[in-house]
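Trainee:
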Amino acid sequence: AQSVTQPDIHITVSEGASLELRCNYSYGATPYLFWYVQSPGQGLQLLLKYFSGDTLVQGIKGFEAEFKRSQSSFNLRKPSVHWSDAAEYFCAVDTGRRALTFGSGTRLQVQP
Amino acid sequence: NAGVTQTPKFQVLKTGQSMTLQCAQDMNHEYMSWYRQDPGMGLRLIHYSVGAGITDQGEVPNGYNVSRSTTEDFPLRLLSAAPSQTSVYFCASSYGRGPVEAFFGQGTRLTVV
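As you go down the protein sequences, you meet chains A and B in turn.
Going by the numbering used here, the residue at position 83 of the first sequence is 83; the numbering climbs one at a time, nothing skipped.
Going by the numbering used here, the residue at position 76 of the second sequence is 188; the numbering climbs one at a time, nothing skipped.
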């Protein structure tokens with residue numbers, strides 16, 4: 001069965017600093033890969049997605065993610081964090097069944 | 113477009129009661145799914161459907177039933193609520209080929225006492 005690991009439960013960064021959120025997956029092939037963001041009390045919004053092609057994908061709000069097949073990783077990055085980026089971030093995979101397996105999430109706190 | 117609509121937004125149940133969480137989408141999406149979100153555990157898949165009349169179990173299906181008689185609706189039934197089912201429930205829908213975006217409802221916060 002597939003699984004997704006987000007090793008960092010909580011990350012705090014200063015506004016303007018760079019950010020990297022880690023995600024590793026376990027699956028026999030390359031699944032569809034996603035990053036979603038959830039603001040407090042809200043639903044989920046798609047940041048970006050990947051299946052094939054260029055391993056560096058651009059998303060909304062200035063986020064990007066890099067797929068590394070050798071490491072089974074799909075890490076999310078942002079060069080300069082804004083206070084409005086404070087939220088919970090979820091990495092997810094779809095192995096073709098059209099439903100998602102999520103990681104446990106990383107809560108991002110942004111310090112002024 | 114309303115997107116994915118979940119009702120109710122909040123619900124308190126007593127142990128042993130039954131209820132149905134409603135999920136409706138107006139985007140003619142083929143695929144629908146239910147998740148529960150618990151602190152520190154992310155979202156976990158309960159049941160999913162790839163079309164009307166077709167459903168399958170996810171990772172945590174016990175205690176929940178689903179059916180999909182129409183493309184638009186995908187209700188989640190709790191037959192005998194237990195405190196362990198206290199959670200926030202999200203419904204999602206999507207369509208098409210490849211890595212498609214799932215559209216999520218705003219969630220239902222359920223407390224079982």
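For every residue, glycine included, the Cβ atom is placed at its ideal position computed from N, Cα and C.
Note that the structure is predicted; figures quoted are calculated from it, not measured.
Within the chosen definition, does the region 207-214 of chain B reach the region 20-30 of chain A through at least 3 CB pairs nearer than 8 Å?
Mentor: No: fewer than three Cβ pairs fall under 8 Å.
Trainee: Who pairs with A:Arg98 in a beta bridge, going by DSSP?
Mentor: Position 98 of the first sequence, counting from 1, holds the residue named residue 98 of chain A. Looking at the DSSP assignment, A:Arg98 forms no beta bridge with any residue, so it has no partner.
Trainee: Would A:Leu56 be called buried (16 or more neighbouring beta carbons within 10 Å of its own) or exposed?
Mentor: Numbered from its first residue, the first sequence carries residue 56 of chain A at position 56. Answer is exposed; the Cβ neighbour count stays below 16.
Trainee: Kindly indicate which residue of B:Gln197, B:Ala194, B:Thr198, B:Ser179 has the alpha-carbon position closest to the one of B:Ala136.
Mentor: What you label residue 136 of chain B is simply residue 24 of the second sequence in a count that begins at 1. Closest by alpha carbon: B:Ser179.
Trainee: Mind listing, in chain order, the continuous alpha helix (DSSP H) runs of no fewer than 4 residues lying wholly within the region 10-53 of chain A?
Mentor: Runs found: none.
Trainee: Return no unless some Cβ of chain A is closer than 7 Å to the Cβ of B:Glu184.
Mentor: In the second sequence, residue 184 of chain B corresponds to position 72, counting from 1. Not an interface residue.
Trainee: Does the Cβ-Cβ distance between B:Ser199 and B:Gly128 come in under 7 Å?
Mentor: Position 87 of the second sequence, counted from the start, is the residue given in the question as residue 199 of chain B. Position 16 of the second sequence, counted from the start, is the residue given in the question as residue 128 of chain B. No, these two residues do not count as a Cβ contact at 7 Å.
Trainee: Measure the alpha-carbon distance for A:Phe63 versus B:Leu155 and round it to whole angstroms.
Mentor: Position 63 of the first sequence, counted from the start, is the residue given in the question as residue 63 of chain A. Position 43 of the second sequence, counted from the start, is the residue given in the question as residue 155 of chain B. Cα to Cα, A:Phe63 sits roughly 22 Å from B:Leu155.
Trainee: Within the continuous beta strand (DSSP E) that includes B:Ala214, where are the two ends?
Mentor: Looking up residue 214 of chain B in the second sequence gives position 102. First-last for B:Ala214: undefined, no H or E at that position.
Trainee: Starting from A:Thr101, find everything on chain B with Cβ-Cβ shorter than 8 Å and list it in chain order.
Mentor: As a first step, residue 101 of chain A is located in the first sequence; it is residue number 101 there, counting from the start. Ordered by position in chain B, the residues that pass the 8 Å Cβ test against A:Thr101 are Leu157, Glu171.
Trainee: Below 8 Å on the Cβ atoms is my contact criterion, and I expect B:Pro120 with B:Thr223 to pass it. Report the Cβ-Cβ distance as a whole number of Å.
Mentor: By one-based count along the second sequence, residue 120 of chain B stands at place 8. By one-based count along the second sequence, residue 223 of chain B stands at place 111. That belief does not hold up - the Cβ atoms of B:Pro120 and B:Thr223 are roughly 12 Å apart, past 8 Å.
Trainee: Could you name the residues of the region 60-80 of chain A whose beta carbon sits closer than 8 Å to any beta carbon of chain B, in the order they occur along the chain?
Mentor: Taking 8 Å as the Cβ-Cβ cut-off against chain B, none of the residues of the region 60-80 of chain A qualify.
Trainee: Assuming B:Gly163 is part of the beta strand (DSSP E), what are its boundary residues?
Mentor: Stepping through the second sequence from its first residue, residue 163 of chain B is reached at position 51. First-last of the beta strand (DSSP E) with B:Gly163: 154-163.
Trainee: Nearest CA to the CA of B:Pro151: which residue from A:Gln109, A:Gly103, A:Gln111?
Mentor: Position 39 of the second sequence, counting from 1, holds the residue named residue 151 of chain B. With distances taken between Cα atoms, B:Pro151 lies closest to A:Gly103.
Trainee: Using a 10 Å radius around the Cβ and a threshold of 16 neighbouring Cβ atoms, would you call A:His10 buried or exposed?
Mentor: Taking the first sequence and counting its residues from 1, one reaches residue 10 of chain A at position 10. By the neighbour-count rule (16 or more Cβ atoms within 10 Å), A:His10 is not buried but exposed.
Trainee: Beta carbons nearer than 8 Å to chain A: which residues of the region 135-164 of chain B have them?
Mentor: Here the close residues are Glu142, Tyr143, Ser145, Tyr147, Gly152, Met153, Gly154, Leu155, Arg156, Leu157, Tyr160, Val162.
Trainee: Restricting to Cα atoms, I'd like to know which of A:Gln6, A:Val4, A:Thr12, A:Thr5 is closest to A:Gln109.
Mentor: Counting from one through the first sequence, the residue named residue 109 of chain A turns up at place 109. Considering only alpha carbons, the answer is A:Thr12.
Trainee: Counting only beta-carbon separations shorter than 7 Å, does B:Gln123 have a partner in chain A?
Mentor: Against the second sequence, residue 123 of chain B aligns to sequence position 11. Not an interface residue.
Trainee: Which one or two residues does DSSP pair with B:Trp146 in a beta bridge?
Mentor: As a working note, residue 146 of chain B is residue 34 in the second sequence. B:His159, B:Cys203.
Trainee: Could you check if A:Val93 is buried or exposed, using at least 16 other CB atoms within 10 Å of its CB as the buried criterion?
Mentor: Translated into the one-based positions of the first sequence, residue 93 of chain A becomes position 93. Looking at its Cβ environment, which holds 16 or more other Cβ atoms inside 10 Å, A:Val93 is buried.
Trainee: Kindly list, in the order they appear in chain B, the residues whose Cβ is closer than 7 Å to that of A:Arg22.
Mentor: By one-based count along the first sequence, residue 22 of chain A stands at place 22. Per Cβ cutoff of 7 Å: no residues; A:Arg22 is ~14 Å from chain B at best.
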